[in-house]
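See structure below.
Protein chains: 2
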Amino acid sequence: MSTADLGLPVEVPSTALFTDQYEFTMLQAALKAGTADRRSVFELFTRRLPEGRRYGVVAGIGRVLDAVENFRFDDGVLRFLRDRRIVDEPTLRWLSDYRFSGDIWGYPEGEVYFPGSPVLRVEGSFAECVLLETVVLSILNHDSAIAAAASRMSSAAGGRRLIEMGARRTHELAAVASARAAYVGGFDSTSVLAAGFRYGIPTVGTSAHAFTLLHDTERDAFRAQVDSLGRGTTLLVDTYDVAEAVRTAVEVAGPELGAVRIDSGDLLLVAHRVRQQLDELGAHDTKIVVTSDLDEYAIASLAAAPVDAYGVGTQLVTGSGQPTCSMVYKLVARAGSADPGAPLTAVAKKSSGGKLSVGGRKWAARRLDGQGVAEAEVLGTGPVPDALADRQLLVELVKGGEVVAREPLDAARDRHIAARSGLPMSATQLSRGEPVIPTEYRM
Amino acid sequence: MSTADLGLPVEVPSTALFTDQYEFTMLQAALKAGTADRRSVFELFTRRLPEGRRYGVVAGIGRVLDAVENFRFDDGVLRFLRDRRIVDEPTLRWLSDYRFSGDIWGYPEGEVYFPGSPVLRVEGSFAECVLLETVVLSILNHDSAIAAAASRMSSAAGGRRLIEMGARRTHELAAVASARAAYVGGFDSTSVLAAGFRYGIPTVGTSAHAFTLLHDTERDAFRAQVDSLGRGTTLLVDTYDVAEAVRTAVEVAGPELGAVRIDSGDLLLVAHRVRQQLDELGAHDTKIVVTSDLDEYAIASLAAAPVDAYGVGTQLVTGSGQPTCSMVYKLVARAGSADPGAPLTAVAKKSSGGKLSVGGRKWAARRLDGQGVAEAEVLGTGPVPDALADRQLLVELVKGGEVVAREPLDAARDRHIAARSGLPMSATQLSRGEPVIPTEYRM
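Order-wise, the sequence lines are chains E and Z.
Numbering-wise (this note's numbering), the first sequence opens with residue 82 and increments by one.
Numbering-wise (this note's numbering), the second sequence opens with residue 82 and increments by one.
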């Protein structure tokens with residue numbers, strides 16, 4: 082089976098090839114050396130948050146579960162690996178019935194994270210775990226970057242509605258994942274239909290400047306739109322003159338007009354003028370939607386403007402200056418032999434050039450102060466202290482190869498709002514700062 | 082058919098849903114108003130290059146052709162649009178046998194572009210053209226951003242080999258497109274196997290720190306790797322102590338060792354030391370590969386270091402600070418009726434907030450000076466001046482709905498090198514600057 086049958090603009094047969102070649106060559110060498118079956122623990126974490134960010138947002142866990150389930154080798158993939166001589170015949174045989182059979186624990190989707198947080202912990206044989214590195218990092222690095230930007234924007238927007246509309250400014254499938262991550266981070270809807278189709282996210286959209294330009298007059302365009310989409314539609318009022326367009330819009334749709342959209346100009350000024358004009362025309366319930374290169378700072382600057390909803394594109398899908406996270410996937414412990422009972426030894430690359438790794442299989446907990454506000458991210462390798470036992474962050478996601486933690490996307494969205502509100506108040510300051518709580522190690 | 086059958090971590094049935102909802106609502110309203118069949122011309126262009134960039138690189142044209150061919154509505158998609166009440170029944174009937182039947186002209190892949198360059202010109206009925214907006218922008222905005230970064234890096238690298246290895250830092254399918262765009266921009270190979278599978282790009286990779294940590298000693302790890310992958314392999318030498326690792330590497334593999342990889346530390350200093358050590362050990366032909374948060378500036382700074390190849394990850398797949406382009410898709414001309422012979426009228430949104438659009442169906446040509454070096458990007462709506470007739474940039478990509486311009490990826494890569502070398506020499510300066518040639522309008 083190939084994606085050619087689907088009409089996708091990509092053609093890849095499973096998630097197994099969203100993988101760096103070296104995962105496969107390491108597998109081959111370990112199989113030959115007899116070390117491939119050593120029990121291993123990999124952790125996915127970040128050494129630092131993006132510069133100036135106060136917290137991270139875990140997003141993409143649901144997509145990771147999909148990717149792990151679908152990491153399979155069909156004939157087409159095996160033939161490719163053979164024809165290109167990526168790996169040898171014993172390795173191909175091993176891959177042909179690959180199925181991840183280990184355990185995965187992780188931070189649940191929507192949770193916040195900090196430097197060192199073991200966002201994902203993957204355990205099994207070296208062979209089965211190492212192969213997952215690339216695709217798992219791709220998903221979490223991308224989705225968490227978008228969700229972090231979304232979270233800042235949703236803080237800045239207060240209770241006002243946020244529409245994700247950045248599909249045109251990112252890869253067409255990254256766009257679908259971005260809409261999903263934005264929803265986790267607090268957005269309300271998206272423009273991109275594939276995200277509605279795949280994830281059930283509410284979709285919105287009415288018209289662009291092209292629709293006005295297609296018609297002989299702006300009035301013709303508005304009438305055509307209202308005739309077809311109803312008076313509750315959103316009319317775009319900045320193709321020519323905004324004041325004239327607003328007047329025409331209310332004449333055509335009446336005061337029941339759903340909303341007007343402003344996509345250019347000094348939004349603060351224009352929103353005030355348009356609100357006043359709408360009110361004078363009796364269109365008190367007509368909403369104002371603004372869209373035009375918004376980011377969290379622009380949203381915050383419009384807090385005092387009569388704006389009902391923000392549409393955010395470029396800055397959302399590019400992570401508002403931080404388009405990726407720096408999550409890594411590191412071997413932190415492994416057995417000294419393939420014996421299933423062999424004890425685990427902590428391992429870590431020697432620190433050099435600031436690339437700190439802390440060996441050992443870790444637990445994670447968030448310690449609260451007397452008011453119930455988070456005060457530290459505590460990571461350790463020994464027994465969990467009693468005081469932190471019920472504040473642990475890792476949940477079981479995959480058990481013996483079976484996914485055990487599916488949940489609706491709304492659960493992740495709700496979790497994010499709860500997790501963010503459990504942080505010190507300075508977490509939602511937009512200005513640059515340090516992580517809002519420190520990471521402590523108990524080794 | 083659904084991507085669920087493929088094990089992809091996304092489930093979308095065709096490119097038709099990589100589309101903003103408003104394209105469909107505009108279609109519905111135009112169908113009802115009788116304006117949907119007006120002959121229309123859309124142009125895709127950018128008002129400005131990313132800040133400080135001197136030229137843009139067109140990438141993704143091949144993927145656009147795939148997306149247009151596969152923009153179809155099967156039962157699953159139509160059911161979604163009906164169930165979610167995105168559009169009405171007449172529109173669903175119209176969509177059910179949608180197939181783009183118009184013409185597309187564009188800059189060929191690998192060509193350079195400047196502000197205003199009509200990178201793509203899409204002609205047909207308003208209805209059939211407007212639907213393509215989102216997916217076409219997604220592809221070209223993403224792929225061109227990556228190719229632009231790749232082009233700067235390939236200039237900086239001189240003739241040294243460049244390996245794309247950023248899959249883990251971007252969406253898993255954006256990674257495949259990034260590898261493709263990087264190849265167009267001058268990279269030699271990629272780490273991500275799906276890009277080899279789908280596009281035939283050479284793939285490379287041998288081992289990570291995890292492989293060394295899996296084994297009881299570094300010597301065990303190197304021996305396992307050489308035993309399996311041969312003496313020509315690349316050994317990673319910075320897990321513990323670099324000098325000791327290099328000594329062990331040559332002891333294990335002999336002077337036939339293919340390469341060593343350095344992934345941390347002061348690369349300039351370390352590369353010199355490692356080269357000297359390798360030479361002292363008689364491993365004169367052993368190459369040095371460096372990888373560690375490289376960008377075009379870091380690559381340039383290593384010009385005097387004994388480095389044979391650069392592996393670039395994060396900064397490549399995030400466009401080296403410019404993860405997207407600001408390309409837009411605008412209606413520039415349309416007929417006043419559905420009559421096939423009706424003349425086209427130029428249209429444009431009123432300039433406001435800097436959002437300049439220039440109406441009219443345009444040609445584009447690159448004027449050369451007496452030495453054959455580009456001196457201006459000339460755009461016009463009237464007849465093409467004789468002096469520019471053979472310097473026109475737009476080529477026919479789709480004719481009457483049929484793709485007519487497939488080409489191997491190497492053709493785009495070669496074209497890029499030729500186009501870049503036809504620019505004034507200051508084009509490849511890494512410092513920030515203005516577009517290296519001006520855009521002139523002949524209207």
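Beta carbons: idealized from backbone N, C-alpha and C, even for Gly.
Nothing here was measured: the structure is a model prediction, and the numbers come from that model.
Here the alpha carbons of leucine 274/Z and phenylalanine 292/E stand approximately 42 Å from one another.
Apart from sequence neighbours up to five positions away, the residues of its chain that approach serine 236/Z with a beta-carbon distance below 7 Å are Thr509, ordered along the chain. Nearest CB-CB separation between isoleucine 142/Z and chain E: not below the 8 Å threshold. By the rule that beta-carbons nearer than 8 Å mark a contact, glycine 277/Z touches chain E.
Boundaries of the alpha helix (DSSP H) harbouring phenylalanine 278/E: 274–280, taken from the DSSP string.
Using a CB distance cut-off of 8 Å, glutamine 358/Z does not count as an interface residue toward chain E. Among the residues facing chain E, methionine 107/Z is included, as its CB has a counterpart in that chain under 8 Å away.
Within the same chain, Cβ atoms closer than 6 Å to the Cβ of arginine 513/E are found at Gly133, the five residues on either side in sequence being excluded. Residues Ala326, Val327, Ala330, Val341, Arg342, Ile343, Val355 of the same chain have their beta carbon placed closer than 8 Å to that of valine 318/E, with the five preceding and five following residues left out of the count.
Neighbourhood of leucine 362/E in chain Z, by CB distance below 9 Å: empty, with the nearest CB roughly 22 Å away.
According to the DSSP assignment, methionine 107/Z belongs to the alpha helix (DSSP H) that extends over 102–114.
Between the alpha carbons of aspartate 169/E and leucine 108/E lies a gap of roughly 10 Å. Alanine 445/Z sits in a strand when the DSSP states are folded into three classes.
Scanning the stretch 114–166 of chain Z for uninterrupted beta strand (DSSP E) segments of 3 residues or longer gives 120–127, listed from N- to C-terminal end.
One Cα belongs to leucine 504/E, the other to valine 454/E, and the distance between them is close to 6 Å. Excluding sequence positions up to five before and after alanine 446/Z, its CB lies within less than 7 Å of the CB of Val459, Val465, Leu469, Arg472, Gln473, Leu474, all in the same chain and listed in chain order.
Taking 8 Å as the threshold, the shortest C-beta distance from threonine 116/Z to chain E falls below it. If you look at glutamate 521/E, you'll find it in the beta strand (DSSP E) that goes 520–523. Residue range 201–206 is occupied by the beta strand (DSSP E) that includes serine 206/E, with no alpha helix (DSSP H) assigned at that position. Shown here, leucine 511/Z sits in coil according to DSSP, grouped into three states, outside any helix or strand. Put simply, the backbone Cα of leucine 146/Z is about 40 Å away from that of valine 479/E.
Under DSSP, leucine 460/Z takes part in a beta bridge, and its partners are Ala445/Z, Tyr522/Z.
Using a Cβ-Cβ cut-off of 8 Å, glutamate 253/Z counts as an interface residue toward chain E, since at least one Cβ of chain E sits closer than that to its own.
Less than 8 Å divides the Cβ of serine 272/Z from the Cβ of tyrosine 103/E. A contact between stretches requires three or more CB pairs, one per stretch, nearer than 8 Å, and the stretch 112–127 of chain Z meets this requirement with the stretch 411–424 of chain Z. In terms of Cα proximity to aspartate 347/Z, the closest of Val333/Z, Gly363/Z, Leu359/Z, Val371/Z is Val371/Z.
Cβ-Cβ separation between aspartate 224/Z and alanine 258/Z: approximately 6 Å, consistent with a contact (criterion under 8 Å). Here glutamine 452/Z is exposed: its Cβ has fewer than 16 other Cβ atoms, across all protein chains shown, within 10 Å. In terms of beta-carbon proximity, threonine 520/E stays away from the interface with chain Z, with every pair separated by 8 Å or more. Contact annotation: threonine 106/Z and glycine 392/E have beta-carbon atoms that are not nearer than 8 Å. For the pair alanine 231/Z and serine 407/E, the Cα-to-Cα distance works out to about 20 Å. At least one beta carbon of chain Z lies nearer than 8 Å to the beta carbon of leucine 295/E. Between threonine 399/E and chain Z, the shortest Cβ-Cβ separation is below 8 Å.
In the three-state reduction of the DSSP assignment, aspartate 467/Z falls in the helix class, which pools H, G and I. For the stretch 313–368 of chain Z, the continuous beta strand (DSSP E) assignments of 3+ residues that do not extend past its boundaries occur at 315–317, 340–343, in sequence order. Nearest neighbour of serine 177/Z by Cα position, chosen from Gln403/Z, Leu294/Z, Glu299/Z, Asp156/Z, turns out to be Asp156/Z.
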